[in-house]
Amino acid sequence: MTLNFKESCLTLLGISIIMVVGLFIVEMPIAVILIAESIFVGVIALIKKIPYSELQQNMITSVTSFITPILMLLLIGALVASWIIGGTVPTLIYIGLKIIDSKFLLIITFLMCSLMSMLIGTSWGVISTLGVAFAGISSGMGINPAYTISAIAAGALLGDKMSPLSGSVVLATELTSASPGEGIKETMKYNIPAFIVSIILYLYLGFTNVPQGEVNVAETNTLLSALAEEFNIGILPLIAPVLLIFFMLIKIPTLPTFALGIIIGVIESVFVQGFSLTEVCKGLMTGYAMAENQLVNNLLHYGGVDSMASTLILLLFAACFSGIIKRLGIITCLLEKIFNKANTNAGVMTGATSIHTLCFIVTGNYYTTNSILAPALNEIFDSYNVPRKKLTGILLNAGTGISPMVPWSATAIFITNTLGASGVGYTLFAPVLWLPVVLTPVFAFLGKKK
Numbered sequence: 118m119t120l121n122f123k124e125s126c127l128t129l130l131g132i133s134i135i136m137v138v139g140l141f142i143v144e145m146p147i148a149v150i151l152i153a154e155s156i157f158v159g160v161i162a163l164i165k166k167i168p169y170s171e172l173q174q175n176m177i178t179s180v181t182s183f184i185t186p187i188l189m190l191l192l193i194g195a196l197v198a199s200w201i202i203g204g205t206v207p208t209l210i211y212i213g214l215k216i217i218d219s220k221f222l223l224i225i226t227f228l229m230c231s232l233m234s235m236l237i238g239t240s241w242g243v244i245s246t247l248g249v250a251f252a253g254i255s256s257g258m259g260i261n262p263a264y265t266i267s268a269i270a271a272g273a274l275l276g277d278k279m280s281p282l283s284g285s286v287v288l289a290t291e292l293t294s295a296s297p298g299e300g301i302k303e304t305m306k307y308n309i310p311a312f313i314v315s316i317i318l319y320l321y322l323g324f325t326n327v328p329q330g331e332v333n334v335a336e337t338n339t340l341l342s343a344l345a346e347e348f349n350i351g352i353l354p355l356i357a358p359v360l361l362i363f364f365m366l367i368k369i370p371t372l373p374t375f376a377l378g379i380i381i382g383v384i385e386s387v388f389v390q391g392f393s394l395t396e397v398c399k400g401l402m403t404g405y406a407m408a409e410n411q412l413v414n415n416l417l418h419y420g421g422v423d424s425m426a427s428t429l430i431l432l433l434f435a436a437c438f439s440g441i442i443k444r445l446g447i448i449t450c451l452l453e454k455i456f457n458k459a460n461t462n463a464g465v466m467t468g469a470t471s472i473h474t475l476c477f478i479v480t481g482n483y484y485t486t487n488s489i490l491a492p493a494l495n496e497i498f499d500s501y502n503v504p505r506k507k508l509t510g511i512l513l514n515a516g517t518g519i520s521p522m523v524p525w526s527a528t529a530i531f532i533t534n535t536l537g538a539s540g541v542g543y544t545l546f547a548p549v550l551w552l553p554v555v556l557t558p559v560f561a562f563l564g565k566k567k
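All residue numbers in the sequence shown are consecutive under the working numbering, ending with 567.
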């Protein structure tokens, strides 16, 4: 038995209370909050006489949908570690510290991450490679981490929403039966203004909030010397990112590409940096901590399969929670209520954006949200003669785009663990994430007036 509208609203209210109290009052870990929310909705399901066997099956099905992200996380942990041990990340940091003026680091970070994400189509791949390097450069320059992480996340997610190679784009266009070209063009309409605003913002922050002066220069020179002592800096360590981009461009699937990237990193670790295979294999699990200079160890504290353990736990709890939510039929109930009162195309666009954003905030899972919403929204858009390409843009902007802003989503958790972000406050400085969601209803109503 599923919930009616009143019951659905009360359940969402209860979930929100648990979330707010847990995050801001008790300061509970997100994993504990997800457990509490799962127990809460599970009890409601049992009260509604839904058999436990059904709930368990829904949780198992939801967890199964996370298998690909879980495998990606494990491989990315090893990939980052292999690229640090092999000298790729240290070389990129060294070059960046040498040639990049600190005033322009934020804008360069944003543009480079945007370009790479458009080329390879995966935000996680960009964050775990180029993002880690820029985070290291930023740390060496003494720049506020929130600014740098926002530039990395904004650039990485831009390609996830608009690259023809992006899995998110492929999924969204498949669900809406729109062509990839139409979907990307629709998404660009909202993301190009956000891109321009971001450029202005990062230039402003770079010239007004980045530390300058002799102290910063001295610290940078100390770090450069330390990196040169610990690693063989040169062209050879840069083979790894070049080959990774090549593998992506020739459309080798993401998981095999990451596996190949690890192999290349291991080869460079042994033959270029001179580590033993035993040391490298240990580093793949635990991350880099091999330098004699503690400054270098502190700078390169990323990576390792073990570093992804807490992320995997959160993903599993999030999957269980979203599985129960789906079985209760809360989102389906809200859809029926919202669109019964929609009487214009602009109203449909606004309603779809609102419900998708709300659903994603509740589930924190792009795949679950779209599998629930897309079939129903397709019918609604068809009945109002609204092109499905517009729904594609909503799925990408209000799902993939805002994922770093939802603390319990896979992407936010990944960014936190990979780049060491403290919460999701950095997203305030990433207009690419939230501005397209704001512009969608605005453009819809302006189009109506026109």
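From the three backbone atoms N, C-alpha and C, an ideal C-beta is built for every residue, glycine too.
Where isoleucine 134 falls, given that 16 or more other Cβ within 10 Å makes a residue buried: When all chains shown are included, isoleucine 134 counts as exposed.
Contacts around alanine 406, its chain only, beta-carbon distance under 7 Å, and the 5 residues preceding and following it disregarded: Counting only Cβ-Cβ distances below 7 Å, and skipping sequence neighbours, we find Asn414.
Stretch-stretch touch, CB-based, cutoff 8 Å, three pairs: the region 251 to 260 with the region 275 to 288: Between the region 251 to 260 and the region 275 to 288, the count of Cβ pairs shorter than 8 Å is below three; the stretches do not touch.
Pick from Gln411, Leu353 and Leu196 that is closest to serine 424, judged by C-alpha positions: Sorting Gln411, Leu353 and Leu196 by C-alpha distance to the C-alpha of serine 424 places Leu196 at the top.
CB of glycine 204 within 8 Å of CB of asparagine 308, strictly: Not closer than 8 Å, so no.
Distance CB(threonine 128)-CB(isoleucine 352) smaller than 8 Å: No, they are not a contact pair.
Per-residue burial, alanine 144 [other beta carbons within 10 Å of its own, 16 or more giving buried]: Correcting the residue identity first, residue 144 is glutamate in this sequence and not alanine. Label assigned to glutamate 144: exposed.
Sequence-distant residues of the same chain with beta carbon closer than 7 Å to threonine 480, five excluded per side: So the list reads Ser439, Ile442 and Thr486, once near-sequence residues are dropped.
Start-end ranges of the alpha helix (DSSP H) lying completely within the region 252 to 307, minimum 4 residues: Runs of the alpha helix (DSSP H) inside the region 252 to 307: 262 to 279 and 284 to 293.
Proximity below 8 Å, CB of isoleucine 201 to CB of leucine 536: No, Cβ-Cβ distance for isoleucine 201 and leucine 536 is not below 8 Å.
Helix, strand or coil at aspartate 499 according to DSSP, with G and I counted as helix: Of the three classes helix, strand and coil, the one that applies to aspartate 499 here is helix, per DSSP.
Among Asn338, Leu288, Thr339 and Pro262, the one whose alpha carbon lies nearest that of asparagine 77: Any answer about residue 77 is impossible in this case: the structure gives the chain only from 118 up to 567.
Neighbourhood of serine 393 by C-beta, 8 Å cutoff - its chain only, sequence neighbours within 5 removed: Within the same chain, serine 393 has close Cβ partners Val387.
Ordered list of alpha helix (DSSP H) runs contained in the region 375 to 422, each at least 4 residues: For the region 375 to 422, the full-length alpha helix (DSSP H) segments reaching 4 residues or more read 394 to 403 and 411 to 416 along the chain.
Spatial neighbours of proline 207 in its chain, beta-carbon cut-off 6 Å, leaving aside the 5 residues before and after: Cβ within range, chain order: Leu344 and Phe348.
Nearest to asparagine 534 (by Cα), restricted to the options Ile316, Val249 and Asn514: Here the closest residue by C-alpha is Val249.
Bounding residues of the alpha helix (DSSP H) (the contiguous stretch that carries alanine 357): Element bounds for alanine 357: 356 to 366.
Short Cβ contact (8 Å threshold) for leucine 432 with phenylalanine 183: Contact check for leucine 432 against phenylalanine 183 passes: the beta carbons are separated by less than 8 Å.
Candidates Leu341, Leu223, Thr517 and Ser342, of which the one nearest phenylalanine 324 by Cα: Nearest C-alpha to phenylalanine 324 among Leu341, Leu223, Thr517 and Ser342: Leu223.
At least three beta-carbon pairs within less than 8 Å, the region 156 to 166 to the region 487 to 501: No, because fewer than three Cβ pairs between the region 156 to 166 and the region 487 to 501 fall closer than 8 Å, the two stretches do not touch.
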